[in-house]
Amino acid sequence: MNAASISRRKFLETSALVGGGLIVGLILPSHGLLAKAAAGDAKPVQANAWVRIAPDDTITLICHRNEMGQDVHTSLALLIAEELEVDVDKVKIEQAPVDPVYVNALLGAQITGGSTSVRDAWTKLREAGATARIQIVAAAANEWKVAATDCVAKDGAVSHGDKRKRYGELAAAAAKLPAPAKVELKTPAQFTQIGKHQHRLDAPAKARGKAIFGIDASQPGMVYASLEQCPVIGGKVASVDDAKAKAMPGVRAVVNIGEGVAVVADHYWNAKKAREALAITWDYGPGAGLDNAKIEATLKEGAKQDGSVIRKQGDVEAALKTAAKKIDAEYRLQLLAHATLEPMNCLALVSDAGCDIWTSTQFPQGAQGAAAARSGVPAAKVRIFPQFIGGGFGRRLDVDFIGQAAAIAKAMPGTPVKLIWTREDDTRNDFYRPASYHALSGGLDAKGDLVAFDYKFASASVTNRMFPGVTKAGLDPLMTEGAIDLTYDIANERQRVVIQEFGLRVGYWRSVSHALNAFAIEGFIDELAHAAGKDPVAFRVALLGKQPRQRAVLERVAKEAGWGRKLPAGSAQGIASMESYGTHQAVVADISKTANGAIRIDKLTYAVDPGIAVHPDQVIAQIQGGAVSGLINTLSAKITLKDGRVVQSNFHDFQLPRMNQMPKIDVVLMPSGDNPGGMGEVGVPLVAPAIANAVFALTGQRVRTLPLADAKLSFA
-17 MNAASISRRK FLETSALVGG GLIVGLILPS HGLLAKAAAG DAKPVQANAW VRIAPDDTIT
43 LICHRNEMGQ DVHTSLALLI AEELEVDVDK VKIEQAPVDP VYVNALLGAQ ITGGSTSVRD
103 AWTKLREAGA TARIQIVAAA ANEWKVAATD CVAKDGAVSH GDKRKRYGEL AAAAAKLPAP
163 AKVELKTPAQ FTQIGKHQHR LDAPAKARGK AIFGIDASQP GMVYASLEQC PVIGGKVASV
223 DDAKAKAMPG VRAVVNIGEG VAVVADHYWN AKKAREALAI TWDYGPGAGL DNAKIEATLK
283 EGAKQDGSVI RKQGDVEAAL KTAAKKIDAE YRLQLLAHAT LEPMNCLALV SDAGCDIWTS
343 TQFPQGAQGA AAARSGVPAA KVRIFPQFIG GGFGRRLDVD FIGQAAAIAK AMPGTPVKLI
403 WTREDDTRND FYRPASYHAL SGGLDAKGDL VAFDYKFASA SVTNRMFPGV TKAGLDPLMT
463 EGAIDLTYDI ANERQRVVIQ EFGLRVGYWR SVSHALNAFA IEGFIDELAH AAGKDPVAFR
523 VALLGKQPRQ RAVLERVAKE AGWGRKLPAG SAQGIASMES YGTHQAVVAD ISKTANGAIR
583 IDKLTYAVDP GIAVHPDQVI AQIQGGAVSG LINTLSAKIT LKDGRVVQSN FHDFQLPRMN
643 QMPKIDVVLM PSGDNPGGMG EVGVPLVAPA IANAVFALTG QRVRTLPLAD AKLSFA
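Here the sequence shown stands for residues -17 to 698, where the numbers follow this note's numbering.
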C-alpha cells in the first residue's frame, strides 16, 4: 500500500486525551478506526499515536523506526516539527511498541530497512504534525472567539494580537475537536527546518555514554547465558554431557534448546567458561558437506534455467546475432557476513505476566513472533522494548537470537536472562549475504552504440525464507533491485532472475541486491564502453537521454572528480552510475599503485540527487558510511565454508577496511525537489564497480569477481 493512498479521514478523528494532552495518530485502512477515547482519559484506547503534546508542553514523537546510526530519530522528528511549527530539538523520542499502526507501508511489516524510513513517513508524519497544529489553533480560536485563520502558530505557541497560549495549555481542548477533513502541507519553499543543518537528537546521549544499546540492557536479578551452537548451520544437538559445566562456579542452569546448548550463570564470564566445558555430540544435518565450490557450481548450473523475465523490450536475441561486436562475461560475488560491531544479544524475561524482550532489532514485529513461538507465550502477551542498535546492516531483520533468548528464559521463569553471542558466534552463525552468479551479453553496432543487452542473475532468495508469501512464480522482487530499475535506455534488452537455493541460510545485507547487480552491470557497461572505443562517461551519457536526473549526477561527478584530466603515472579512475531506492547517484574512484604493487583507494567522489534531503548532514553521513560497507564488499572480506563450517571467526580473518585503508570520501548533494529517496544503503552499491573499473584502467586486468583480493590483488 502506498502511503499516499491513506485518506485524510484515516487520521485519527479519534484524537485522544493523554494526561490532559493531545495525541494524534494514523490508522492504516486495513485495520479500521479505533474507538474514540473519552475526554479526560489518561490513556488512549490503543498506543497508536505519532505525536503527543502534554500539558507541560512536552512534545513527543512515538518513533516507529529503530535507530541504528542512520539518525532516523532526527529525520522523522523533522517531519513532525516542520508542520507543527516547533524547533526539532524540542521533540522528545519515545520508541513505538509493536502495533499494526506502525507497519511500514512500503514493506508491509513493522520494519526498519530497505532505505524506507523517511520515504514511508514523508507524507503521514507531516500530516500528523499539521493535524495537531490545526487542532491546537482551532482550540485557541474557539477560546478567543476569533477566526482560526487569524491566529498564528509558531515556536510551540498560538498567538492572536496580544493573546498568546502555549501548545500545552491548549492540548486538552484541542483533543476534543474533530480532525480536519483536509490538511494543506507546506511546499518545499516554505520549509524552515527540513533541508537545513540540524544536530542529531541522540548525540548528547551517545557522546555522554547514556544511550542504551541492546547489549547494555539490564534488569534486576539478571543472569547471563552463553550458547554453544552447532558448527554446521542447521545442525542440531544429538546429545550433551553437561556435568562439568554444571559444577563450575556461578552456573545456574544448562539448557538444551535444540540448535545449541546454553549455560546460564551469574556472570557472563562464568557462563562463557562453563560453556567451554560442555561435551556435545551433534547431528550436523544436510549442510555438513557444503563448501564454496559447490555453491558456485550450483549457481552456475541454476543459471542455465530460463528464470523469470523482469524486464524486456525489443528482440535481444536477434539484435545480438546481427551486432557488429558481441561481448560476453560472467561475474561472481562471494558470501559476506554482516559483522556488526554489537554482536547479537537479547534480554528475555518469561513470567506469569507474559514475555518481555529488550533487544536491538530492526523487526519488532518479527521479534514478537519469535519470542512467542519459543517461549510458548501468546504474542499478545509479548512486549518488545527496542534499544539503540550497534549496527544493523540487515542482520537484525532476523530474529533467531531473540527466539533463542526466549527459549532459554522459558526454562528459568521469573528470572531475566541475557543472551550474549561472542564475536565468533556472530561470524559463524550469520544469515549471510548470498553468493551470486551473473551472465551478461552485449551487442554493439558498427558505430559502437549499444544495441543489445542480455542479463541473467542467479542467487538464493532471502525473501523466500523470511516472507515466502512475497515470492510468486519464482520471482523475488528484492532480487530485482538494481537491475529492474536500470536507467539506461537500450533498444533491445532482456533481464532474467533465477532463484537458486544452495543449502545455506542467507539474509538481507546492506543494499541487498543493488550491490550484487551493480557490480555486474556497471562492470559490464564499462567493458562495453572500452570495447566500443568510447569514454566510459560519454558511453553512459548516451544511454541516459530519458533520465535527466541520472544524467545530471553522472556529468556532475565527472566534473567534480576531474574525469578526463591527465593523471599522475600509476594512477587511474573508474566510474559507476545507477539509481537505487529512488535516489540517483554516480561515483568516481581514484586509485593508485604503491611502490610494492599494492593498490590504494585514494578517493571516492559521489554526486547524489536524493530528491529532497530532509536532513542533509545525515544524508552525507549515510553515503560515507555506505561507502565503508561498499569497501567491505569490494576488497578482501568473504565467508568461506569447509565441510559445512564457516572458516572465518573474527575481524582478523573477516577483514574490514582499516583506518589506513580508508579513502577520502567527497559527497556532492544535488537535491532536485522530488520526494525524498532512500539513503541508508545508497552509498554501498557503486563502490565495487567504480574501483574494479579503475583497476582495469590502471592495470588492464578486468576483475569480474568479488572480493577483488580473489583476483590476486592486494590493497594498501
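Where is the CB? At the ideal position from N, CA and C, for every residue including glycine.
Limits of the unbroken alpha helix (DSSP H) element including residue i
i, result
"LYS282", "274 to 284"
"THR703", "There is no way to answer for residue 703, as the model of the chain reaches only from -17 to 698."
"VAL54", "54 to 66"
"ARG190", "No alpha helix (DSSP H) holds ARG190; DSSP gives it neither H nor E."
"ARG234", "Careful: ARG234 lies outside any alpha helix (DSSP H), inside the beta strand (DSSP E) at 233 to 238."
"PRO757", "Nothing about residue 757 can be reported from this structure: the residues present for the chain run from -17 to 698 only."
"GLN117", "106 to 126"
"GLU542", "530 to 543"
"ASP71", "Counting along the chain, ASP71 falls outside any alpha helix (DSSP H), and DSSP gives it neither H nor E."
"VAL444", "444 to 448"
"ASP625", "Neither: ASP625 is in no alpha helix (DSSP H) and is coded neither H nor E."
Residue i - partner residues in DSSP beta bridges
i, result
"SER141", "VAL134 and ARG146"
"PHE195", "PHE370"
"MET560", "GLN567"
"ASP591", "HIS566"
"ILE573", "ALA554 and ILE583"
"ALA207", "VAL246 and LEU401"
"GLU76", "ILE44"
"GLU475", "GLN295 and PHE435"
"LEU688", "LEU315"
"ALA91", "ASN86"
"PHE697", "ILE581"
"ARG257", "Partner(s): none; ARG257 has no beta bridge."
"ILE481", "SER441"
"LYS620", "For LYS620, which the question treats as bridged, DSSP gives no partner whatsoever."
Cβ neighbours of residue i in the same chain (closer than 7 Å, five flanking residues each side left out)
i, result
"ARG115", "GLU65, LEU66, GLU67 and ALA135"
"ARG533", "VAL523 and LEU526"
"ALA513", "LYS307, ILE309 and LEU426"
"LEU78", "Reading off the sequence shown, one finds Ala at residue 78, where the question assumed Leu. Taken in chain order, the residues that qualify are ILE44, CYS45, HIS46 and TYR84."
"GLY203", "THR397 and PRO398"
"VAL649", "TYR588, VAL590, ILE602, ILE605 and GLN606"
"ASN446", "THR453, ASP458 and ILE481"
Same chain only: Cβ atoms within 6 Å of residue i, ignoring 5 sequence neighbours per side
i, result
"TYR437", "LEU422 and GLN477"
"LYS226", "ALA259"
"ALA502", "TYR313 and HIS420"
"ALA698", "THR576, ALA580 and ARG582"
"GLY14", "Note on GLY14: pLDDT 23, under 50, position unreliable in the model; the coordinate value appears next. So the list is empty, once near-sequence residues are dropped."
"GLY659", "TYR563, GLY564, THR565, PRO592 and GLY593"
"MET50", "ILE371 and GLY374"
"GLN350", "VAL80, ALA361, VAL364 and ILE366"
"ALA543", "VAL570 and THR587"
"ALA440", "LEU281, GLY284, ALA285, TYR419, VAL480 and GLN482"
"ASN675", "ASP508 and GLY556"
"PHE435", "GLY424, ILE472 and GLU475"
"GLY96", "LEU89"
Continuous beta strand (DSSP E) stretch holding residue i: start and end
i, result
"ILE262", "261 to 265"
"TRP340", "336 to 341"
"ALA311", "307 to 315"
"LEU468", "Looking at the DSSP string, LEU468 is not in any beta strand (DSSP E), and its letter there is neither H nor E."
"ASP648", "646 to 651"
"ASP223", "218 to 223"
Rounded Cβ spacing between residue i and residue j (contact assumed at less than 8 Å)
i, j, result
"ALA153", "ALA63", "Between ALA63 and ALA153 the Cβ distance is about 16 Å, and since that is not below 8 Å, they are no contact."
"LEU690", "THR616", "6 Å"
"PRO398", "VAL444", "Their Cβ separation, rounded to whole angstroms, is 32 Å, which puts PRO398 and VAL444 out of contact at 8 Å."
"GLY284", "GLN482", "3 Å"
"GLY515", "GLY430", "6 Å"
"LEU536", "ILE472", "In fact, because the Cβ distance is near 16 Å, the residues do not count as touching under 8 Å."
"THR687", "ALA679", "THR687 to ALA679, Cβ: 18 Å. No contact."
"GLU504", "PRO645", "18 Å between Cβ atoms; not a contact."
"ALA247", "ALA253", "4 Å"
Cβ shell of residue i (< 8 Å), same chain only, five flanking positions each side left out
i, result
"ALA129", "ALA123"
CB contact below 8 Å: residue i versus chain C
i, result
"PRO202", "Although the question refers to chain C, the structure presented lacks it and comprises just one protein chain."
Sequence ranges, beta strand (DSSP E) only - wholly within the stretch 366 to 436, length at least 3: 399 to 402 and 418 to 426
Beta strand (DSSP E) runs wholly inside the stretch 494 to 526, at least 3 long, in chain order: Uninterrupted beta strand (DSSP E) stretches at least 3 residues long and entirely within the stretch 494 to 526 do not occur.
In chain order, each alpha helix (DSSP H) run of at least 4 residues that lies wholly inside the stretch 658 to 689: 669 to 681
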